[in-house]
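Data block below; observations after.
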Amino acid sequence: MTTRAAVQQNGPRVLWSRSARGQVTYFWFLVPCIVLLGTLSLIPLVVTFYLSLQKMSLIYPDATGFFGAGNYARMAGDQYFWLSIRTTLILIIGPVAVQMALGLLLALLLHNDMPILRISRSLFIAPMVIPPVIAGLIWKVLFIPNLGGLNFLLEVVGIPGPMWLETPGWAIFSVGLVAVWQDTPFVMLLLLAALESMPQEPVEAARVDGASAVQVFRYITFPYLVPTLMVALLFRIINSLAIFPIIYVLTQGGPGRATEMLNYYTFINAFQYLDIGYGATLAMALFALVVLLSLVFMRLRMQAIEMVE
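Mapping of the sequence shown onto our numbering: residues 260 to 568, in sequence order.
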């Protein structure tokens with residue numbers, strides 16, 4: 260009796276001790292990854308912030324010195340910086356919205372047992388696996404006014420082809436078009452995987468009750484896809500800030516500064532004008548923009564999930 264009581268009394272303590280030891284063991288396995296990620300992320304951020312406080316130009320190395328908030332004051336009064344922010348937001352909001360809508364439509368279309376649709380999935384995925392530089396070169400050839408394939412097709416149906424990369428409005432549209440073409444398959448794949456894993460019992464029950472296809476999508480399918488949509492949206496927003504290769508190949512920020520996103524403006528200041536201090540300041544602004552967009556997204560994600568539930 261005494262032995263049983265002792266076992267019962269010490270049982271939870273023994274279980275807790277084993278659990279604690281297991282958690283400590285898992286933690287030590289994670290330590291190398293934490294240290295590696297922290298080193299690769301934190302140290303460049305600290306160095307960039309330090310450089311942003313310096314007046315450092317490789318053209319005038321003798322003028323290097325501590326500048327304090329001077330670079331940030333310069334950035335606040337830089338009209339080209341604000342123009343790059345505007346261009347960045349345009350090339351995020353527009354293409355990402357189209358990617359989400361088109362990816363959802365393609366996922367719904369390919370979520371079908373028809374053999375031809377299952378075979379065609381690989382065709383829709385193809386743009387995603389092409390390197391951005393190669394994609395930019397392909398589309399640059401297609402955008403050539405007199406020899407490119409796009410204007411040829413438009414002229415066949417009687418529509419005069421525009422100057423795709425030579426006018427500001429069409430240049431922004433062209434960059435967005437390439438981004439949509441290359442990144443929509445990613446959204447489609449995520450949503451298609453979610454559709455394939457969705458339980459069919461609620462759908463079948465709704466159809467038995469007489470629900471239409473629109474009602475099934477509105478009240479069952481779409482709420483189920485909302486978490487996946489939010490994940491896809493986050494990835495697309497962050498990756499849209501990294502379409503530097505497409506801009507570099509297609510327009511190099513032109514015509515004028517029409518397609519000069521913040522990342523490209525940072526690049527030309529740091530590596531063409533060799534103004535390291537100001538380039539680091541712009542890089543910190545880009546980092547702040549990523550953090551801000553992530554916080555806004557997290558807030559919208561919580562609201563969307565609450566509305567669906």
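Where is the CB? At the ideal position from N, CA and C, for every residue including glycine.
Inset, instruction - With a 10 Å radius around its C-beta and 16 neighbouring C-beta atoms as the bar for buried, classify G536 as buried or exposed. - result: Classification of G536: buried, given that the 10 Å Cβ count is 16 or more.
Inset, instruction - Could you please give the first and the last residue of the uninterrupted alpha helix (DSSP H) stretch that includes T426? - result: It is not in any alpha helix (DSSP H) - T426 carries neither H nor E in the DSSP assignment.
Inset, instruction - Could you name the residues of the same chain whose beta carbon sits closer than 8 angstroms to that of A501, not counting the 5 residues immediately before and after it, in chain order? - result: N522
Legend entry - Unbroken alpha helix (DSSP H) run spanning R477, endpoints: Where R477 is concerned, there is no enclosing alpha helix (DSSP H), given that its DSSP letter is neither H nor E.
Inset, instruction - With a cut-off of 8 angstroms on the beta carbons, I'd call T540 and S379 a contact; round off their distance for me. - result: Going by Cβ atoms, the distance from T540 to S379 rounds to 48 angstroms, so no, they are not a contact pair.
Inset, instruction - With a 10 Å radius around its C-beta and 16 neighbouring C-beta atoms as the bar for buried, classify D534 as buried or exposed. - result: buried
Inset, instruction - Taking 8 angstroms as the cut-off, decide whether the C-beta atoms of G512 and I506 are in contact. - result: yes
Legend entry - Three-state class that DSSP yields for F481 in the structure shown: helix
Inset, instruction - Measure how close the beta-carbons of F383 and P444 come, nearest whole angstrom, since I'm counting them as under 8 angstroms. - result: 5 angstroms
Legend entry - Cβ-Cβ distance between G362 and V446 below 8 angstroms: yes
Legend entry - N- and C-terminal bounds of the alpha helix (DSSP H) containing S381: R380 to V388
Legend entry - C-alpha gap between D372 and L365, whole angstroms: 14 angstroms
Inset, instruction - Can you grab the Cα-Cα spacing for the pair L406 / W423, in whole Å? - result: Rounded to the nearest angstrom, the gap between the Cα atoms of L406 and W423 is 12 angstroms.
Inset, instruction - Return helix, strand or coil for S456, following the three-state DSSP convention. - result: helix
Legend entry - Minimum C-alpha distance to N528 - residue among V283, V306, S316 and L296: S316
Inset, instruction - Provide the residue(s) that pair with F325 in DSSP beta bridges, ordered along the chain. - result: Q313
Inset, instruction - Look at V355 and S499 and say whether their C-beta atoms are less than 8 angstroms apart. - result: A distance below 8 angstroms separates the beta carbons of V355 and S499.
Inset, instruction - Throw me the rounded Cβ distance for the T525 and G515 pair, which I believe falls under 8 angstroms. - result: No, T525 and G515 are not in contact; Cβ-Cβ is about 18 angstroms, not under 8 angstroms.
Legend entry - Length of the line joining the Cα atoms of M561 and I418: M561 and I418: Cα-Cα distance of roughly 45 angstroms.
Legend entry - Pair within 8 angstroms by beta-carbon distance, V508 and V392: Yes, Cβ-Cβ distance for V508 and V392 is below 8 angstroms.
Inset, instruction - Take I496 as the anchor and find which of M359, P303 and M334 has the nearest alpha-carbon. - result: M359
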